[in-house]
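Undergrad: In this note's numbering, the protein residues as written are 19 to 286.
Backbone N, C-alpha and C fix where the C-beta goes; we use that ideal spot for every residue, glycine too.
Note that this is a predicted model, so its numbers are computed, not measured.
1) Determine, using beta-carbon pairs with one atom in the segment 121-132 and one in the segment 168-182, whether at least three such pairs fall under 8 angstroms.
2) From the DSSP output, which residues share a beta bridge with residue 117?
3) Among 248, 253, 195 and 109, which one has its Cα closest to the Cα of residue 153?
4) Which residue marks the beginning of the alpha helix (DSSP H) containing residue 140, and which one marks its end?
5) Among residues of its own chain, excluding the 5 on either side of residue 71, which ones have a beta-carbon nearer than 8 angstroms to its beta-carbon?
6) Please tell me whether residue 227 and residue 121 are closer than 9 angstroms, where the distance is taken between their beta carbons.
7) Within 10 angstroms of its Cβ, does residue 251 collect 16 or more other Cβ (buried), or is it exposed?
8) So is residue 75 buried or exposed if we call it buried at 16+ other beta carbons inside 10 Å?
9) Please name the residue in 41, 189 and 61 whose C-alpha comes closest to that of residue 277.
10) Our contact map puts residue 211 next to residue 161 with C-beta atoms below 8 angstroms; I'd like the distance itself, whole angstroms only.
11) Span of the alpha helix (DSSP H) holding residue 201?
12) What did DSSP end up calling residue 107 once you bin it into helix, strand or coil?
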């Protein structure tokens, strides 16, 4: 089989003679779900080495970009979209060295590699969240923590800060006995929402992304990126919290209102 190498195509062909656009604008993107793509060690789970072993096949398809679903270290509560370490590879899929090998092989064939990245939330096992459970730590405000509603018993039904429901069912708030407060999670309780109102959170995320770019990643597909922006009033209260100047939507038949109208319009 003849290997198709897009790196050798003239730019006039790659752009069809049109005014050059950013590389991603006209790219043919091939999404890879690593878990089920190619297993090389016989454990029944696809891995990074498996993707590397199929690079000639992928290049022959004529694609420009490989989009990898999450391969970061994760408890796998939500298929890797609950990241416990942004700068490591989950042992299920291999090592950082395996990722370096994949990047080198892809770039040699003129392919770019884009990683799925989730920064609306982390895993509850991430070091940031574990530190945040201490209200006196430097990470105390890295997530959305709130006390129980006034006059309610913490941890009891109805004590949640507002009536928001999780997209996965139940309340969007979970009580943490260690901190004595509730944390917000639009998805699973294993996926606490980062507080993007905190400049330190933004700086840490940007630093991590640059770390990957320096390592050779060509870009990111930002999962649920529109969800990072939460509407708050002048006192920093979320809709539905006691005293908030922003009115929440009525609760549905399940007793919960949706956070979507207040968390779905992207970064401010």
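TA: Reading it off the structure:
1) no
2) Indexing the chain shown from 1 puts residue 117 at position 99. Answer by DSSP bridge pairing: none, since residue 117 is not bridged.
3) Translated into positions along the chain shown, residue 153 becomes position 135. Comparing Cα positions, the closest option is 195.
4) Taking the chain shown and counting its residues from 1, the one referred to as residue 140 is at position 122. Taken as a continuous stretch (DSSP letters only), residue 140 belongs to no alpha helix (DSSP H), as it is neither H nor E.
5) Locating residue 71 in the chain shown gives position 53, counting from the first residue. Hits under 8 angstroms: 56 and 58.
6) Position 209 of the chain shown, counted from the start, is the residue given in the question as residue 227. Position 103 of the chain shown, counted from the start, is the residue given in the question as residue 121. No, the pair does not count as a contact, with Cβ atoms beyond the cut-off.
7) As a first step, residue 251 must be located in the chain shown, where it is residue number 233. With fewer than 16 Cβ atoms within 10 Å of its Cβ, residue 251 is classed as exposed.
8) Looking up residue 75 in the chain shown gives position 57. Exposed is the call here.
9) For the purposes of this step, residue 277 is taken as residue 259 along the chain shown, with counting starting at 1. Among 41, 189 and 61, the Cα nearest to that of residue 277 belongs to 189.
10) Counting from 1 along the chain shown, the entry for residue 211 is found at position 193. Counting from 1 along the chain shown, the entry for residue 161 is found at position 143. Indeed, because the Cβ distance is near 6 angstroms, the residues count as touching under 8 angstroms.
11) Taking the chain shown and counting its residues from 1, the one referred to as residue 201 is at position 183. Careful: residue 201 lies outside any alpha helix (DSSP H), inside the beta strand (DSSP E) at 199-202.
12) As a first step, residue 107 is located in the chain shown; it is residue number 89 there, counting from the start. If DSSP states are grouped into helix, strand and coil, residue 107 belongs with the strands.
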